[in-house]
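**Q** Quick one: the structure is below, questions incoming.
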Amino acid sequence: MNEFIYLTFDGLSRGAVYAAFALALVLIWRAARIVNFAQGAMAVAAVYVAYSVTNATGSYWLGFVAAIVTGLVLGVTVERVVMRFVDHSSPLNGVVVALGLVLVIQGVLGIFYGNEFLPVAAPFSRDAFELGGVAVLSRYDLFVFVAVGAVVAALTLLFTRTPVGLRMRAAAFAPDVSRLLGVSVGGMLTLGWALAAAVGSLAGMLVVPTELGLHPTAMDVVFISAFTAAVVGGLDSPIGAVVGGLIVGLLLSYVSGYVEPTVAPMAVLLLLVVVLLGKPGGLFSSSKARVA
Amino acid sequence: MSTDPPLKELALHNITVRFGGLTALDDVSLRVAPGRIVGVIGPNGAGKTTLFNVICGFVPPTSGHLTLDGQPWRPRPHQLNGLGIARTLQGVGQFGGMSVLENVMVGTRGRRAEAEAMAALTRCGVDRYAGARPGALPYATRKRVELARALVAKPRILMLDEPAGGLDADEIQWLASLIKETGTTVLLVEHHMDLVMSVCDEILVLDFGKPIALGTPEEISKNPRVTDAYLGAAA
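Here it is as C-alpha cells:
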C-alpha cells in the first residue's frame with residue numbers, strides 16, 4: 001500500500017510536467033494544426049539559456065525567467081521565420097520542417113555547449129516528506145504542481161475571460177471570418193506559438209533536474225510521453241492534455257515501480273498505439289476523425 | 001459614439017476580376033455614397049459575391065482600383081473592422097466552439113465589449129440566446145446573430161451578403177426595417193427582389209460579371225435588359 005501511495009504521488013508529479021508539455025503541443029495544434037515536433041528541442045534550448053544565466057549570476061530564478069523569455073522569443077521566431085512559410089496543403093510538410101528544426105537546434109546546442117550531460121540543480125529539495133511513515137512528495141514536487149497549476153489556470157483565464165483569448169480561439173476556428181471581424185490572424189498565430197513555446201520551456205525547466213541532466217537530446221523521451229498525453233487527451237483539448245499528462249505520468253510510475261523501469265517507455269508507446277487504434281480522436285475530443 | 005468619423009464614400013473604378021479563363025467581374029464601377037443603401041443583384045454566377053470579396057480584400061482585382069473617401073485604397077480583410085466596414089457572410093460563418101455572445105464579442109474592442117455585444121443581440125432580437133451555441137440554433141436565428149455580429153462594431157459601411165436567404169416573410173419584413181433604421185451606408189447582395197426593391201436607394205445589376213444597369217428601383221424594374229437577364233431572353 002505504501003509503495004502504491006508513493007508511486008501515485010511520483011506519477012502525478014511526473015504527469016504534471018507531461019501535462020504542461022502536452023498543453024504546449026495542444027496550443028500549437030489548436031492555433032496552427034501542426035504537431036510541433038520541435039517542441040522538445042526548443043525547450044532544451046531555453047533550459048541551456050537558463051543554465052548559462054544561472055551560472056553567470058548564481059540565481060536559479062534569473063535563469064528561470066530567462067528560460068521563459070527564451071521560449072517566447074523562440075516561439076515567435078520559429079513561427080515568423082520558418083512555420084509561416086510552410087505549405088499547409090499536406091499536414092506532413094509541417095511535421096518534416098519541425099523535425100528538421102530539431103536537428104538544427106540540437107546541432108547548434110551541441111556546438112556551443114558540447115554533447116556531455118551537464119548537471120542542473122533543482123531550486124528546492126527533492127527529498128520527499130514522510131506522511132504517516134510513507135514518503136510522498138518533495139518540496140520540488142510541490143513546486144512542480146504549483147507551477148503547472150498556475151500555468152493551467154492562467155491559460156484557462158486567458159482563453160475564456162479575455163478578449164485576446166477570444167480572438168485567438170476565433171482565429172484558429174475560422175481565419176477568414178475572424179479577419180473580417182478585425183482579428184489579426186497572423187498576430188494571433190504568432191502569439192499562440194510564443195505562449196506554447198514558453199509553456200514548453202517551463203516544462204523543460206521542471207523536468208531536466210529530475211532526469212540525467214542537460215543534453216541537447218534531453219527532452220526527446222519527455223516529448224514522446226507528452227505527445228502520448230496530448231493524443232490521449234485528443235490534441236484539441238487543453239483539459240484533455242492535462243488529464244492525459246497525469247495518466248501517462250501514473251502509467252510510467254506504476255510500470256517502473258511494479259514491473260521494471262526499463263519497460264516504462266514501452267508502456268507509454270503501447271498506450272499511444274492502443275489509443276490511436278481504439279479512440280483516435282482521444283478521450284476528450286468531440287471530433288470523430290483525425291486529419292493528421 | 002459621438003466621436004465617429006463621418007460616413008465614408010466607397011467607390012469601385014473599372015474593376016475586372018479574372019479567374020483563369022473566367023471573367024467574374026468585367027469593368028464594374030460603382031460609387032456608394034455615404035448613407036445610401038445600394039443593392040447588387042443578378043442571376044446566380046453574376047459576380048455579386050466576387051464583388052464583395054474584392055471590397056473585402058479576399059480577391060485582388062485583375063485591373064481597376066478602389067477608393068475610400070476619394071483616396072486610392074487597397075483593402076485588407078483584417079483592417080476593415082477598424083475602418084468601419086462590416087460584412088455578413090452568406091453561409092453564416094459562426095465560431096462553433098463559442099457562445100452566441102462570445103461570437104459577437106469577437107467583433108468588438110474595448111472594455112464595454114460585453115455590454116455592446118448584448119446591445120447588438122437585443123437589437124436583433126436574439127439576446128435570449130446569448131449563452132447558447134450557434135450550432136444549436138435555427139437557421140433564421142443564426143442569421144440574426146450574424147447581423148448582430150456585423151452591427152456590434154457600429155459600422156459606417158455595412159455589407160450584407162444575402163441576408164434574407166432562408167428567412168420567412170415576417171423575418172424579411174423585420175430585416176427590411178432594420179436595414180432602413182441602421183442609418184449607415186449599406187451594400188446589399190440579395191436575391192429576394194421585394195427586399196431589394198423596398199429598401200434600396202440604388203441598384204446595380206450584374207450579368208455574367210458585366211454591369212448591365214444602375215439606377216433607382218423604379219428605373220431598374222422598368223429596364224428591359226434587366227428583365228432579359230433574369231428571364232434569359234435574347235438581348
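Chains A and B supply the protein sequences, listed in that same order.
In this text, residue positions in the first sequence follow UniProt numbering: the first is 1, and each later residue adds one.
In this text, residue positions in the second sequence follow UniProt numbering: the first is 1, and each later residue adds one.
C-beta atoms are modelled at their ideal positions from N, C-alpha and C, and glycine is treated no differently.
Values in this document were obtained by computation on a predicted structure and should not be read as measured data.
Is there a C-beta anywhere in chain A that falls below 9 Å from the one on residue 265 of chain B?
**A** Nothing can be reported for residue 265 of chain B: it is not among the residues displayed for chain B, which extend from 1 to 235.
**Q** Against chain B, with Cβ distances strictly below 9 Å, would A:A289 count as a contact?
**A** At A:A289 the pLDDT is 45, less than 50, meaning the model places this residue with poor confidence and gives no usable figure here.
**Q** Please report the distance separating the alpha-carbon of A:G186 from that of A:S178.
**A** 11 Å
**Q** As a quick exercise: from B:G82, B:T227, B:D207, pick the residue whose alpha carbon is nearest that of residue 304 of chain B.
**A** The question about residue 304 of chain B has no answer, for chain B in this structure spans 1 to 235.
**Q** What is the rounded straight-line gap between the Cα of B:R128 and the Cα of B:I37?
**A** C-alpha of B:R128 to C-alpha of B:I37: approximately 30 Å in a straight line.
**Q** Residues of chain B with CB under 9 Å from residue 305 of chain A, in chain order?
**A** As displayed, chain A neither begins before 1 nor continues past 292, which places residue 305 of chain A out of reach and without an answer.
**Q** Please state the DSSP three-state secondary structure of A:L137.
**A** In the three-state DSSP reduction, A:L137 falls in the strand class (E or B).
**Q** With burial defined as no fewer than 16 other Cβ atoms inside 10 Å of the residue's Cβ, what is the status of A:P91: buried or exposed?
**A** exposed
**Q** Is there contact here, the stretch 70-89 of chain B with the stretch 154-173 of chain A, by at least three beta-carbon pairs under 8 Å?
**A** They do not touch, by the three-pair rule.
**Q** If the cut-off is 8 Å on Cβ atoms, which residues from the stretch 172-185 of chain A count as contacting chain B, listed in chain order?
**A** F173, A174, D176, V177, S178, R179, L180, L181, G182, V183, S184, V185
**Q** Should the stretch 93-107 of chain A be called in touch with the stretch 32-48 of chain A, which here means at least 3 C-beta pairs below 8 Å?
**A** yes
**Q** Answer with yes or no whether the minimum CB distance from B:T3 to chain A is below 9 Å.
**A** Annotation note: pLDDT 49 at B:T3 (below 50); position unreliable, no value reported.
**Q** When you compare only the Cα positions, how much space is there between A:G15 and A:V136?
**A** Cα-Cα distance, rounded: 15 Å.
**Q** Considering only DSSP beta bridges, list what B:W73 is partnered with.
**A** B:L66
**Q** Using the rule of at least 16 other Cβ atoms within 10 Å of the residue's Cβ for burial, across every protein chain shown, is B:M1 buried or exposed?
**A** Model confidence at B:M1 stands at a pLDDT of 44, short of 50, so the residue's coordinates are unreliable; what they give is reported in the following sentence. Looking at its Cβ environment, which holds fewer than 16 other Cβ atoms inside 10 Å, B:M1 is exposed.
**Q** Give every residue of the same chain whose Cβ lies closer than 6 Å to the Cβ of A:A122, excluding the five residues on either side of it in the sequence, and list them in chain order.
**A** Excluding positions up to five away in sequence, the list reads Y140, P209.
**Q** Counting only beta-carbon atoms, is B:G131 nearer than 9 Å to chain A?
**A** At a cut-off of 9 Å between beta carbons, B:G131 makes no contact with chain A.
**Q** Check the DSSP bridge columns for B:L10 and list the partner residues they point to.
**A** B:V32, B:L68
**Q** Counting only beta-carbon separations shorter than 9 Å, does A:T156 have a partner in chain B?
**A** no
**Q** Show which residues of chain B have a CB atom less than 8 Å away from the CB atom of A:L166.
**A** M98, E102, M105, V106
**Q** What residue from A:G75, A:G233, A:E260 has the CA that sits closest to A:L283's CA?
**A** A:G233
**Q** Curious, which full-length alpha helix (DSSP H) runs of at least 4 residues does the stretch 243-283 of chain A contain?
**A** 264-278
**Q** Buried or exposed: A:M168, going by 16 or more other Cβ atoms within 10 Å of its Cβ?
**A** buried
**Q** Measure the C-alpha to C-alpha separation of B:T184 and A:A196 and round it to an integer number of angstroms.
**A** When rounded, the distance between both Cα atoms is 42 Å.
**Q** Grab me the residues of B:A120's own chain with a C-beta within less than 6 Å of its C-beta, minus the 5 sequence neighbours each way, in chain order.
**A** V104, A148, L151, V152
**Q** Between A:G244, A:F129, A:F4, A:N55, which has its C-alpha nearest residue 296 of chain A's C-alpha?
**A** There is simply no residue 296 of chain A to check, as chain A begins at 1 and stops at 292 in what is shown.
**Q** Between A:P123 and chain B, is the shortest Cβ-Cβ distance under 9 Å, so that the two count as touching?
**A** no
**Q** Since B:V40 is in the beta strand (DSSP E), which residue starts that stretch and which ends it?
**A** Residues 37-41.
**Q** Is the stretch 17-31 of chain A in contact with the stretch 197-205 of chain A, if contact means three or more CB pairs nearer than 8 Å?
**A** The stretch 17-31 of chain A vs the stretch 197-205 of chain A: in contact.
**Q** Closer than 9 Å, CB to CB, is A:P163 near chain E or not?
**A** Absent here is chain E; the protein component of the structure consists of chains A and B.
**Q** Considering Cα atoms alone, identify which of A:V268, A:A241, A:V242 is closest to A:Y254.
**A** A:V268
**Q** Between B:K154 and B:L68, which are expected to be in contact by the criterion C-beta below 8 Å, what is the C-beta distance as a whole number of angstroms?
**A** Actually they do not touch by this definition, with Cβ atoms about 17 Å apart.
**Q** Closer than 8 Å is the cut-off here; do at least three beta carbon pairs connect the stretch 214-230 of chain B with the stretch 55-68 of chain B?
**A** Contact between the stretch 214-230 of chain B and the stretch 55-68 of chain B is not established, with fewer than three Cβ pairs separated by less than 8 Å.
**Q** Comparing the C-beta of B:F19 with each C-beta of chain A, is any distance below 9 Å?
**A** no
**Q** Which first and last residues belong to the beta strand (DSSP E) in which B:I85 is found?
**A** That run of the beta strand (DSSP E) goes 85-87.
**Q** State the CB to CB distance for the pair B:A176 and B:L195, rounded to an integer number of angstroms; the pair is presumed to be in contact (CB under 8 Å).
**A** 6 Å
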